[in-house]
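Q: Residue numbers (this note's numbering): 6 to 375.
All C-beta atoms in this analysis are idealised placements derived from N, C-alpha and C, irrespective of residue type, glycine included.
These figures come from a predicted structure and were not determined experimentally.
For reference, the structure I am asking about is given below.
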Amino acid sequence: MLEVVHVPLEGREYDVRIGAGLIATAGAEIAPFLARPRVAVVTETRVAALHLDGLREGLAAAGIEMVSLELPPGESTKAWPEFTRCVEWLLEQKIERRDVVIALGGGVIGDLVGFAAAVLRRGIRFVQVPTSLLAQVDSSVGGKTGINAPQGKNLIGAFHQPALVLADTDTLNTLSTRDFLSGYGEVVKYGMLGDASFFEWLEKRGPDLLAGHQDARIEAVRRSVQMKAAIVLRDETEQGDRALLNLGHTFCHALESATGYSDRLLHGEGVAIGCALAFELSSRLGLCSQEDPSRVRAHLSAMGMKVDLSDIEGDLPDAATLLDLMGQDKKVVDGQLRFILARGLGEAFVTADVPKESVLTLLQDALAVR
């Protein structure tokens with residue numbers, strides 16, 4: 006079963022191909038993009054141990070030679086030192102403007118390699134081969150690339166669309182339950198922000214996704230990618246609608262910063278907690294019924310996910326500090342925090358009209374139950 010979502014950005018069209026076994030056929034998929042039968046692959050050590058040999062074989066089957074660089078795993082890789090290492094390695098490999106670079110890994114690798122491709126020789130093509138659920142449904146699609154700064158997450162980067170995305174759902178079998186659920190945080194976000202019927206589908210099929218049902222996983226990735234692609238088409242560089250994709254992220258980025266971008270809080274876990282907080286804030290502001298945040302929390306809890314600040318191990322800063330950390334978010338415009346709130350499930354919208362006192366009280370109450 007192969008699903009294809011076409012992203013028809015004028016002059017930069019590409020396909021997102023979703024299905025099992027795509028790494029094994031990567032050579033045939035990528036060959037049409039190559040001026041010469043050679044590619045550079047950038048990955049990280051944990052992913053390399055699981056999938057690099059398979060990719061090498063898949064490329065070799067089409068007569069394509071591969072050179073590879075393995076970076077350390079983890080969010081800390083997504084910063085200047087490893088980015089510099091990546092760019093300089095690509096130059097040492099004499100990667101030319103007509104060549105293709107492959108990003109093999111999760112969101113960290115996809116973001117970093119995409120940014121390297123954006124700036125190397127003023128822009129070369131790259132192919133995303135996302136190996137985590139999080140990357141398959143979110144970071145590999147839409148062309149956002151970048152690295153983190155000490156001041157905050159994803160503050161340095163560029164919009165650079167991939168030439169192709171190969172989402173091999175077999176790679177999801179190698180994820181830990183925690184990593185899979187982290188990715189699920191982004192999947193369920195799509196239902197919350199723009200498709201109540203998808204949220205209902207996930208309420209029924211979520212356990213099947215977790216249990217490894219291939220058809221359910223392919224369908225969940227397809228619907229997530231389709232929704233993201235539709236929003237990116239309307240607003241590629243995040244001037245308006247694309248900000249909807251950041252549902253839960255204003256809270257999430259502050260929590261990630263507060264926990265040092267460490268394994269204390271994975272990105273999708275922060276998104277899930279952030280979505281629960283966003284719906285609670287929406288309810289307190291009279292935008293949606295209390296039933297909606299209750300339903301969000303019930304589904305996340307049923308899936309075994311983090312829902313509350315008390316689910317984060319260790320100490321957190323006070324509410325005022327968390328609010329300050331939100332001020333470093335990229336969604337700040339003229340010093341005003343933009344929130345993605347909801348009038349109901351599947352009805353998210355962007356607003357700057359949120360009293361800081363309401364956010365502060367929400368955070369104080371959330372911290373009080375720790």
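#1: Would you kindly report the start and end of the unbroken alpha helix (DSSP H) that includes M232?
#2: Where P212 and M308 are concerned, what is the direct C-alpha to C-alpha distance, given to the nearest angstrom?
#3: To which residues does DSSP link T48 through a beta bridge?
#4: What is the residue span of the alpha helix (DSSP H) that A53 lies within?
#5: Output the residue ranges of the alpha helix (DSSP H) runs that lie fully inside the region 239-273 and measure 4 residues or longer, sorted by chain position.
#6: Could you check where the beta strand (DSSP E) with K149 kicks off and where it finishes?
#7: Beta-carbon within less than 8 Å of N178's beta-carbon, same chain only, minus the 5 sequence neighbours each way: which residues are those?
#8: Can the beta-carbon of A45 be found less than 9 Å from the beta-carbon of D104?
#9: Quick one: using the 10 Å Cβ neighbour count with 16 as the cut-off for buried, is E191 buried or exposed?
#10: If we require 3 or more residues per run, which beta strand (DSSP E) segments fall completely within the region 106-156?
#11: From E205 to G349, what distance separates their C-alpha atoms?
#12: Rounding to the nearest angstrom, what Cα-Cα distance links K311 and R61 in this structure?
#13: What are the partner residues of Y19, as DSSP defines its beta bridges?
#14: Hey, quick one: how far does the alpha helix (DSSP H) through T356 stretch, first residue to last?
#15: For A172, which of L250, S144 and M331 has the nearest alpha-carbon?
#16: In chain order, what are the residue ranges of uninterrupted alpha helix (DSSP H) at least 4 long that sit wholly in the region 301-332?
#17: Taking 7 Å as the limit between beta carbons, can you name the residues of its chain near E285, skipping five residues before and five after?
#18: With which residues is R43 paired in a DSSP beta bridge?
A: Result, derived from the coordinates:
#1: Q219 to R239
#2: 7 Å
#3: E75
#4: No alpha helix (DSSP H) holds A53; DSSP gives it neither H nor E.
#5: 254-263
#6: K149 to A154
#7: G217
#8: yes
#9: buried
#10: 130-135 and 149-154
#11: 13 Å
#12: 37 Å
#13: V12
#14: Here T356 belongs to no alpha helix (DSSP H); instead the beta strand (DSSP E) covers A353 to T356.
#15: S144
#16: 324-331
#17: P298 and L367
#18: E70
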